[in-house]
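These protein sequences, in sequence, are chains A and B. Going left to right, the first sequence walks through residues 1 to 307 as this note's numbering numbers them. Going left to right, the second sequence walks through residues 1001 to 1609 as this note's numbering numbers them. Glycine residues also receive a C-beta, built at the ideal position from the N, C-alpha and C atoms.
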Amino acid sequence: MWFRNIFSPKRQAALPPLFNEAFLRRMERLSLQAQRTLRGRPTGGAHLSHRLLPTSIFSDHRPYSIGDDYRYVDWNVYAHQDALFVKLGEIEQDVNIHLLIDVSRSMTWGSPPKLRAAQLLAGTLGYLALAHNDRLYVAPFSATVQRGFGPAHGKSRLIEMLRFIEQVQPGGETNLGVVLEEYARRHPQGGLLVICSDLLAPEGLEAGLRAYAPPIWQVLVIHLLDPGELNPERLGPIELEDVETGTLLPLIVDDETLAHYRRNLAAWQRSIESACGKRGAACARVLSTWPLERQIIPYLRARQILT
Amino acid sequence: MSFLLPLGLLALLALPIIVLLHFLRERRRRVPVPSLLLWENLPRRVDGERSRRLPITLLLLLHLLIAALLGVALGGPQIAGALTPDARHTAIILDTSTSMAAIDGGASRFEQARQRARAIVTSAPPGDRITLITAGPRAQIVASGEDPFLINAALDRLQPGGVGTAINEALTLAEAALDPQFSRRIVVLTDSALPPQPARDVIVPVEWTTIGSNVPNRAIIAFASRPWGGRLQVYARVANYDTALFNGTLRVFSGNQVVAEERVAIAPDGETEISWTLTGVFEALRAEIDGRDALPQDDVAYLSVSQGRPILALLVSNEPAALRRALEVIPGVTVTVTTPTAYATAPERAAADLTIFDRFLPDAWPQGSTLAIAPPPGSSLLNVALETRQLGPGAPLQQRGGMLEGIGFGGVIFGAVRMVETPSWAEVQLSSDNLPLILRGRVDNHEIAVWTFSLDNSNLTTRLAFPLMVARTVRDLAPPPLPQAVRAGEPLVIRPDPRATALQLRGPANQQITAPAASVVTLDTLTEPGLYRVEEQRSAATVLAGVVGVNAGAAIESNLRPQSAPPFRAPGSDPGSATGRHMFDLWPWLALAALLALALEWAYVLRRR
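Right, here's the structure in full:
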């Protein structure tokens, strides 16, 4: 009835669940492209290492030295040359996968919120890490690094990891430089770092990335954007309110203002790419409205972040 | 269009307030953004354009429309509807004063006025409404409605009589009675024999019709008497409202016997005064002049002569000498003395009009009036303290009320004064520093006065104030005598004996008027000149019988020359009466439109969310 329609509270459009099992199984055939320079443990994992160790898979020799395993002595060479050589080969290792999720209030903006896209990406990448026997660390952050998940190893931790990602709570302001420095101090062993953030911090990205120098670290910055940020509407005289700080900015948003805005946006994106380039980090710009399987995954594969 | 309540239009002040609110709201519309990082260092054109432009939105227009509709509705707008010349409401004001009884042109002025009123009633088409108002000494609505038979029946019952024409009251009544839904008018049918009237504002057109012409008249406009040394002085004033000298004879009758006669010659528009000194005992007198004029009613005047109301005073005292002397000198007072011990068996107790208790109080107030002097303590009628208070010479006195007005108490020493608590039914007439000295009040029909001081301890009895106080108190307690005469239509105010239960009047045409006795009885229906016999009755026994004369002659009534109609101002200020249209209220439609606009605004807002 009409009055029920009038007085009933406005219903929020229900969002679909973040993860579904069929999708994750389809993702299983993918893996994160980790650099060989990363140091892992040769006890397991599927990532090739640049280090050559005595192994049954032959690729080179070196003279035997005391203590080497007799199993890797190349007895054929000893028969021909009467000298002991040990067979060297490439090993497969696991790596540390660090997922940093920006949960500041700016990530709640957009439709759908950018935080949802970040959660979806982190869940997908975390699933790949656990499925490929990597050690996974998940850490939400805003002004500081919050209590995280991990280290986790193996698919048995999958449900726990997905639940953690689903339950992160947004809040606080972004302080990217401090967060990155603090996180690097906590994890000196390095690994593959994936930052899911809108990077809406006035400064700190370049300084923060300074602590993530290769070859110990491999950094992937996933820059999340909402289409409304790329193409804001012509709103007329308004007061802009920063959702993180509450700061008000009276403004007339007309064509001239929008032109200036777009120039600022382009400069900002260039500065991010420049900071990432300087510190050897890969940067991928992802729109929060993109469908994950049909648009984000192909995009990351094209950027050789996923293989 | 007109407004019933123009003050309600002040609600339209909400319009600029709404514009201001929208302007402020527009200034403050906030749009959240994830960060101001990208919005900084932009060209800031904020104040200039914003202050110049008001955003014209549908919401603003709807709000303005709603406020305007409600604001105008609060003003009570009315609009003239279709012309309805047939639907009229006519107020006929008919002068019923005595002058309308004058024969003028073969018939009385009142009869001519009645015929005109009847013509208006008869010619009114069905649906017209008539209100009939009489303007005599008082204005009164006697009939109202659309039924001509009802109005004509009321017209048939009317008779002229009464001094004075309350024309202003009648106009006010007419304006109030006329229905604004009709085309309104007021028709005044009068002989215009009125004192000059001031200009008057009216809201409907007034048709003033003067009936009659300039006819001569002679009248006895004053007739009075007073006792004078065992004889009776009689006074009369006769007026000649004519342009010719009048020669005639003024005779005074007692019954059918002429007791005085005088030839009078009165100049044109002049008056003459005649007085006689008569010997003998008369109950009533009648003066007649052979006026031979158009209004015979004012050629006769009536007067009641023996109007004294005898007072039987019962003095209950052990030392009655001083009080007795003071009472006996009051005309009409008969004093009987008894002692407090013999009071219960005194034969005069029931018949006494006034009982004076000196230092004594019975268990109940007597039937007539009562004066209690120095009431003793222990009585159930008054709360009296045992102790007394001495009031020496020069004590400040506070006097209230009119009973003792003009009496000087200088040099009076009241001595020992009883401390009497003022009862709720009494008022203090004289006091000294909150100590009551004289109280006056009424319990049921009992008129009561209390003197709290004792005459023994006071020097009052040796002072001139004493007999004056006694006489004033007796006159105040006892009912006043009937008036000698009143003008026709003038209210006759009678304060009957407190023991009377009914009042009966018998008029000159033997008509009878009966009214229940009260503390004051007012009769305002005596319009026919003549002698009226008044009887105050108690259980079929007559307590008092007297006569009152009712006279038609008066200076303001007997001059039959028509005067000009009073000027009326701004009859066109009422658009309904000017155009003869029905007035329709617009506010319900405006309120409905506002409600619809409100619903539209509601739907719009819900849709935008």
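B:Phe1023 is the residue among B:Gly1076, B:Phe1023 and B:Gly1075 whose C-alpha sits nearest the C-alpha of Pro1055 (chain B).
The Cβ of Leu1054 (chain B) sits no closer than 8 angstroms to any Cβ of chain A. Between Pro1481 (chain B) and Asp1358 (chain B), the alpha-carbon positions lie close to 27 angstroms from each other. Here DSSP, grouped into helix, strand and coil, assigns Asp1299 (chain B) to helix. Just measuring C-alpha positions, the residue of B:Ile1311, B:Gly1280, B:Thr1338 and B:Leu1435 sitting nearest Ala1321 (chain B) is B:Thr1338. About 4 angstroms separates the beta carbon of Pro1160 (chain B) from that of Phe1110 (chain B), a gap short enough to meet the 8 angstroms contact definition. Per DSSP, the unbroken alpha helix (DSSP H) holding Ser274 (chain A) starts and ends at Asp255 to Lys278. The beta carbon of Val145 (chain A) lies closer than 7 angstroms to those of Ala139, Val179, Glu182 and Tyr183 in the same chain, with the five residues before and after it left out. Inter-segment contact for the stretch 1466 to 1476 of chain B and the stretch 1311 to 1326 of chain B is present: three or more beta-carbon pairs are separated by less than 8 angstroms. For Leu1278 (chain B), the closest of B:Pro1393, B:Gln1233 and B:Arg1349 by C-alpha to C-alpha distance is B:Gln1233.
Under the Cβ criterion of 8 angstroms, Ser288 (chain A) is not counted among the residues facing chain B. From the beta-carbon of Trp1589 (chain B), no residue of chain A is found nearer than 8 angstroms; the closest lies around 24 angstroms away. Around the Cβ of Gly1308 (chain B), a 10 Å sphere holds fewer than 16 other Cβ atoms; the residue is exposed.
Spanning the alpha carbons of Ala1541 (chain B) and Gln1140 (chain B) requires a straight line of approximately 36 angstroms. When DSSP states are grouped into helix, strand and coil, Gln169 (chain A) belongs to the coil group. Apart from sequence neighbours up to five positions away, the residues of its chain that approach Ile1018 (chain B) with a beta-carbon distance below 7 angstroms are His1063, Leu1064 and Ala1067, ordered along the chain. Pro1043 (chain B) sits close to Glu256 (chain A), with the two beta carbons spaced by under 8 angstroms. In this chain, Thr1209 (chain B) is not harboured by any alpha helix (DSSP H); it is covered by the beta strand (DSSP E) spanning Val1206 to Thr1210.
Residues of the stretch 203 to 226 of chain A with a Cβ closer than 7 angstroms to any Cβ of chain B: none. Nearest in C-alpha terms to Ser1275 (chain B), of all of B:Val1238, B:Val1281, B:Asp1269 and B:Pro1268, is B:Val1238. Sixteen is the threshold: since fewer than 16 other Cβ atoms of the shown chains lie within 10 Å of the Cβ of Pro291 (chain A), the residue is exposed. Pro237 (chain A) sits buried, since 16 or more C-beta atoms from the chains shown fall within 10 Å of its C-beta. Listed in chain order, the beta strand (DSSP E) runs fully inside the stretch 1359 to 1447 of chain B are 1369 to 1373, 1384 to 1391, 1415 to 1420, 1426 to 1432 and 1435 to 1443, counting runs of at least 3 residues.
Between the C-alpha atoms of Ile1407 (chain B) and Leu1430 (chain B) there is a straight-line separation of about 11 angstroms.
Not flagged as an interface residue toward chain B: Glu273 (chain A), since no C-beta distance is shorter than 8 angstroms. Assignment of beta strand (DSSP E) within the stretch 1318 to 1354 of chain B, counting only whole runs of 3 or more residues, yields 1333 to 1338 in chain order. Taking a cut-off of 8 angstroms on C-beta distances, the stretch 1184 to 1200 of chain B does not touch the stretch 1254 to 1271 of chain B, as fewer than three cross pairs fall below it.
Secondary-structure assignment with DSSP links Pro1508 (chain B) through no beta bridge to anything. By the C-beta density criterion, Ile66 (chain A) is exposed, having fewer than 16 other C-beta atoms within 10 angstroms.
Approximately 5 angstroms separates the beta-carbon atoms of Glu173 (chain A) and Ala143 (chain A); this is inside 8 angstroms, confirming the contact.
The residues Ile1133, Ala1139 and Ile1141, in chain order, have a CB closer than 7 angstroms to that of Leu1173 (chain B) in the same chain once the five nearest residues on each side in sequence are set aside.
Note on geometry: alpha-carbon atoms of Asn1152 (chain B) and Val1121 (chain B) lie some 8 angstroms from one another.
If you look at Thr1249 (chain B), you'll find it in the beta strand (DSSP E) that goes Phe1246 to Ser1254. Among the residues of chain B, those whose CB is under 9 angstroms from the CB of Asp198 (chain A) are Pro1034 and Ser1035, following chain order.
Taking the Cα positions, Tyr1532 (chain B) is about 14 angstroms away from Ser1306 (chain B). Listed along chain A are Leu251, Thr257, His260, Tyr261 and Asn264, each with a C-beta nearer than 8 angstroms to that of Leu1042 (chain B).
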